[in-house]
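In the numbering used here, the protein residues as written are 109 to 758.
Glycine included, each C-beta is placed from N, C-alpha and C at the ideal position.
Notes follow the structure.
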Amino acid sequence: LTLRLQTLEALWGPRAHLVQVTLAPLSGTESATLIDRVLGGQSLPAEVRRQIVARTDGVPLFLEELTKAVVESHDSGERQELPATLRDSLAARLDRLGTAKEVAQIAAVIGRVFSFELLAAVCALDEAALQQELRRLMQAELVYRKGFGSQARYLFKHALVQDAAYESLLRRERQQIHRQIAETLASRFPETAETTPEILAHHYTEAGLPEPAIDFWVRAGGLASRRSASLEAISHLDRALRLLQSLAESPGRDRRELSIQNARAAAVITGRGYLDPEVEQTYARAEVLADRLEETEERFWALYGLYTHHVIFGNLAQALDLAERLLRIAESEQRPGFLSVAWFTFGVYHFYQSDYAEAVSELERAYELALPDDDSFRIRTGTDLRVMALSFGTPALWHRGELDRARDWIERAVALARQLGSPFTLAFACTYAAMLAQALRDVETVRRMAGEVHDLAGELGLSQWAWRAPFLLAWSDLYAPAAGRPACELGDFDSSQRVIAQKGGSNMGYYYCLHGEILILRQRPGDAWRALDEGLRLTRARGVSIWIEEIYRLQGEVLLTAKSPEGLPEGDRPAEAERRFQTALELARRHGSRAMELRTALSLGRLWQSQGRTQAARELVAQARQGFTGELESGDLREARAFLDSSNLR
């Protein structure tokens with residue numbers, strides 16, 4: 109009971125939307141009224157009534173059950189001491205039910221809710237006798253019924269009633285009944301084994317049969333993963349791993365553990381995110397097992413899992429080493445699926461290194477090598493490699509100024525994710541669609557895509573994506589308030605910064621920029637500077653270069669737009685802003701980011717124009733505007749055209 113209370117306290121601790129209500133014990137008068145209702149006109153000596161009230165301490169269920177126990181014992185002519193606890197009272201009542209107690213015991217092993225059909229299948233009584241014993245349990249108000257005939261469902265009045273019946277069995281008896289239930293479900297109710305394998309897993313576990321129990325826990329974990337119920341999947345797979353430890357060491361046990369560890373890692377990623385420490389721990393264990401078994405394929409996937417954790421976390425040196433190891437395995441095996449994964453790892457690595465040309469080439473190669481009918485990547489990771497390659501390639505193409513191609517890639521990624529029906533994969537693609545739209549300054553698409561991610565993450569608990577959508581929605585609300593829905597509010601400054609630092613990984617620079625821009629639009633320059641400065645510090649510390657030029661550019665904008673020096677560096681702010689813009693411009697050119705070069709040129713050009721350096725400003729923006737392909741026009745291109753039109757230079 110203490111453990112249950114502690115669990116409830118953890119789950120229902122202080123929340124802004126919850127009101128705590130204290131349930132006080134029944135008073136003496138209320139207790140007497142409840143006793144009268146249970147008695148239904150029968151009488152009890154005043155001393156017995158007083159003892160019932162004193163013993164039950166105002167707990168309604170205990171009051172009701174103890175009164176019934178006393179009445180039943182008096183009706184049978186017994187004279188006994190009052191039970192000391194509610195469980196004692198329930199046990200005493202069950203003992204007086206004769207053969208109905210045995211039915212209650214079997215039912216309790218089945219569960220709090222049980223069907224007549226299953227109970228009849230495992231009970232030795234014929235249907236008529238079983239119906240009679242169930243009526244006795246209902247008359248005693250220990251069990252309730254819903255429905256009639258073979259489709260009837262029964263429910264124990266309270267979990268404590270089920271517990272009392274269950275614990276009245278010897279351990280050996282319970283195990284025998286659990287085994288009988290599991291085998292009956294497997295042979296006569298195959299749909300249960302198919303749709304709710306965790307039920308059979310539970311019964312085999314309690315029967316002391318680890319082998320079939322492990323199989324059904326794994327099946328339950330796989331089923332939960334396919335529904336994107338990741339936390340449920342982790343719980344099922346953890347049960348399988350604990351049972352596995354009871355088996356003797358052998359290559360067979362190692363092979364089963366390896367399979368479970370890989371499945372568990374995928375569930376952790378979809379449920380908690382790539383940065384969860386258990387991702388690295390689980391894949392490291394999988395690599396040890398794969399090496400021990402000399403399983404090349406399993407070793408490949410364990411290395412990929414480790415790569416994923418390190419590249420997203422920002423450990424790019426380790427990620428590159430793992431990518432090279434993956435490519436060596438893929439080339440030695442000459443399997444298109446392996447080669448696709450290996451080139452994908454290089455593409456993502458180069459993306460985070462701001463080598464956008466190389467990233468696009470490698471991601472496109474990975475996409476082309478991926479076989480549509482090869483679902484091994486989806487099974488191992490919970491998502492689709494083609495969707496991921498297209499999604500990662502989208503911002504790389506935007507940086508290169510290939511805007512039409514970027515839009516085409518992300519539209520294909522979202523369409524494929526919808527076709528596959530994987531919520532995690534769809535959230536992945538929609539997040540990158542919202543990011544591209546934000547870069548293009550397409551407010552409505554940001555709101556639509558980020559809104560879909562927000563709904564998916566909230567419904568399915570996809571923590572990997574849940575924290576991202578509010579930043580994108582808050583940005584869109586500031587540019588164009590949503591009609592018919594409340595604005596999206598972020599938490600306070602410190603909590604928002606903490607979320608980005610803890611969950612942003614290699615992409616944290618983007619979200620620091622997004623947060624900084626939101627704070628600029630909200631006219632909070634001091635906070636914007638703090639956000640961007642922290643983003644600059646952390647991205648430098650991780651050695652991740654992507655989005656760093658945008659951090660410098662936004663810092664320059666803060667210096668120019670802030671009306672008060674509070675929280676900003678002292679000195680000549682226009683001169684310092686120009687230095688920030690020049691640094692951003694140099695980085696954009698070094699990285700081959702036409703998009704960031706144009707955006708920064710506009711910032712620097714406006715500053716120069718305000719200082720009378722109009723010709724230099726015109727030439728800078730005109731040069732940066734060159735090199736964009738396609739017909740799609742971003743917000744930055746529109747601003748550049750307006751800037752040059754105002755100076756009569758196109």
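Report task. Go ahead and pull the three-state DSSP assignment for residue 729. Result -> Helix at residue 729.
Query raised in the report: Are the beta-carbon atoms of residue 448 and residue 477 separated by less than 8 Å?
Result: yes
Query raised in the report: To the nearest angstrom, how far is it from the Cα of residue 269 to the Cα of residue 645?
Result: 60 Å
Requested in this report: Have a look at residue 636 and residue 537 and give me their C-alpha separation to the nearest angstrom.
Outcome: Roughly 28 Å separates the two Cα atoms.
Query raised in the report: Whole-angstrom Cβ separation of residue 517 and residue 533, contact assumed at under 8 Å?
Result: That pair is no contact at about 15 Å.
Query raised in the report: If you count every other CB in all the chains shown that lies within 10 Å of the CB of residue 620, and 16 or more means buried, which is it?
Result: buried
Report task. Helix, strand or coil for residue 761, going by three-state DSSP, please let me know. Result -> What the structure shows of the chain is the stretch from 109 to 758, and residue 761 is not part of that stretch, so it cannot be assessed.
Query raised in the report: Thinking C-alpha only, which one of 198, 338, 614, 349 is nearest residue 276?
Result: 198
Query - Same chain only: Cβ atoms within 7 Å of residue 289, ignoring 5 sequence neighbours per side - result: 217, 218, 230, 311
Query raised in the report: With 16 as the cutoff for other CB atoms within 10 Å, does residue 445 come out buried or exposed?
Result: buried
Query raised in the report: When you compare only the Cα positions, how much space is there between residue 664 and residue 727?
Result: 20 Å
Query - Where the beta strand (DSSP E) through residue 251 begins and ends - result: 251-254
**Report entry** Residue nearest to residue 415 in terms of C-alpha spacing, selected from 754, 453, 435, 195
**Finding:** 453
Query - Sequence-distant residues of the same chain with beta carbon closer than 6 Å to residue 122, five excluded per side - result: The pLDDT assigned to residue 122 is 48, lower than 50, so where the model puts this residue is not dependable; a value taken from the coordinates is nonetheless given after this. Hits under 6 Å: none found.
Requested in this report: Note down, in chain order, each residue of its chain lying with its Cβ closer than 7 Å to the Cβ of residue 398, except the 5 sequence neighbours on either side.
Outcome: 366, 406, 407, 410
Report task. Identify, in the order they occur along the chain, each residue of the same chain with its Cβ nearer than 6 Å to the Cβ of residue 507, setting aside the five sequence neighbours on each side. Result -> 464, 701, 703
Query raised in the report: DSSP state of residue 741, grouped into three classes?
Result: Taken through DSSP and simplified to helix, strand or coil, residue 741 comes out as coil.
Requested in this report: Locate the beta strand (DSSP E) running through residue 297, then write down its first and last residues.
Outcome: Note, residue 297: premise wrong, no beta strand (DSSP E); not H, not E.
Query - Neighbourhood of residue 435 by C-beta, 6 Å cutoff - its chain only, sequence neighbours within 5 removed - result: 450
**Report entry** Residue nearest to residue 575 in terms of C-alpha spacing, selected from 360, 539, 588
**Finding:** 539
Requested in this report: Taking 8 Å as the threshold, find out whether the stretch 378-387 comes into contact with the stretch 329-342 through three or more Cβ pairs.
Outcome: Cβ pair count under 8 Å is three or more, so yes.
**Report entry** Length at least 4, wholly inside the stretch 613-654: the alpha helix (DSSP H) runs in chain order
**Finding:** Taken in chain order, the complete alpha helix (DSSP H) segments of 4 residues or longer contained in the stretch 613-654 are 616-629, 633-650.
Report task. Count the other C-beta atoms from every protein chain shown that fall within 10 angstroms of the C-beta of residue 510, then say buried if there are 16 or more, exposed otherwise. Result -> buried
Requested in this report: Determine, using beta-carbon pairs with one atom in the stretch 321-338 and one in the stretch 299-313, whether at least three such pairs fall under 8 Å.
Outcome: Cβ pair count under 8 Å is three or more, so yes.
Query raised in the report: Under the three-state reduction of DSSP, which class applies to residue 797: helix, strand or coil?
Result: Outside the modelled stretch of the chain, which goes from 109 to 758, sits residue 797, for which no answer is possible.
Report task. Give the DSSP bridge partners of residue 464, in chain order. Result -> Paired residues: none, contrary to the question.
Query raised in the report: Looking only at its own chain, which residues have a Cβ that is under 6 Å from the Cβ of residue 155, when we skip the five neighbours before and after it?
Result: none
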